[in-house]
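**Q** Per the UniProt record's numbering, residue 1 is the first one in the sequence shown, and the count goes up by one each step.
Note that the Cβ used here is the ideal one computed from N, Cα and C, for glycine as well.
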Amino acid sequence: MSSMSSPSSSTTSSLSNSPCAACKFLRRKCMPGCTFAPYFPPDEPQKFANVHKIFGASNVSKLLNEVLPHQREDTVSSLAYEAEARVKDPVYGCVGAISVLQRQVLRLQKELDKANSELIRYASNATSLLPALPLAMVASSQHQIMDTQFDRQARGGGGGGGGGGGRGGLHYYPTSGGDVDDVED
1 MSSMSSPSSS TTSSLSNSPC AACKFLRRKC MPGCTFAPYF PPDEPQKFAN VHKIFGASNV
61 SKLLNEVLPH QREDTVSSLA YEAEARVKDP VYGCVGAISV LQRQVLRLQK ELDKANSELI
121 RYASNATSLL PALPLAMVAS SQHQIMDTQF DRQARGGGGG GGGGGGRGGL HYYPTSGGDV
181 DDVED
């Protein structure tokens, strides 16, 4: 019998004996009850480096000891996200990213409102341009237009001028002169 262990068990034991990213970064011995070990594995050294650079190892250690154990993983995730954002944008951090996304949402909401108002205007123009048609046909035309708008919203799109969910419908495309082009599917 040999006292040597198999390669798979030696690989496993070397990983379990490897210091966590925090202890490796701080150049200290990783003890079995290390506060950082569960949250900063050895294969993610940059995660701890960013957190340490922004918050400091002592502050992170204090914070983790004050937080309930079931909340620590979320706490570390938040710290790591904020630290990475601060490294990328030292002034605003994740607030800058949130601000950019909020501006984008507002811009897209304005575009959507504009498109909806144009659609309503075109639909009302279509009904005023077709007085000779029976009322049932006009109502049907408006229904198809609204169905097309609903189908596009349901698909998550809204643009492109595709068909109305496979049904034929009347679509309006504005031209550069502000006139309306009617296109049948």
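Run through DSSP, which three-state label would Tyr39 get?
**A** coil
**Q** Where do the ends of the alpha helix (DSSP H) carrying Gln46 lie?
**A** 45-55
**Q** To which residues of the same chain is Met4 closer than 8 Å at the C-beta, ignoring the five residues directly before and after it?
**A** For Met4, the predicted model reports a pLDDT of 43, less than 50, meaning its position is unreliable; a value from the coordinates is still stated below. Nothing meets the Cβ criterion.
**Q** Excluding sequence positions up to five away, which residues of its chain have a Cβ less than 6 Å from the Cβ of Thr35?
**A** Ser61, Leu64
**Q** Return the chain-ordered list of same chain residues with a C-beta closer than 8 Å to the C-beta of Lys29, the five sequence neighbours on each side being excluded.
**A** The residues are Pro19, Cys23.
**Q** Distance check for Arg72 and Glu66, CA to CA, integer angstroms please.
**A** 9 Å
**Q** Mapping the DSSP letters down to three states, classify residue 197 as helix, strand or coil.
**A** What the structure shows of the chain is the stretch from 1 to 185, and residue 197 is not part of that stretch, so it cannot be assessed.
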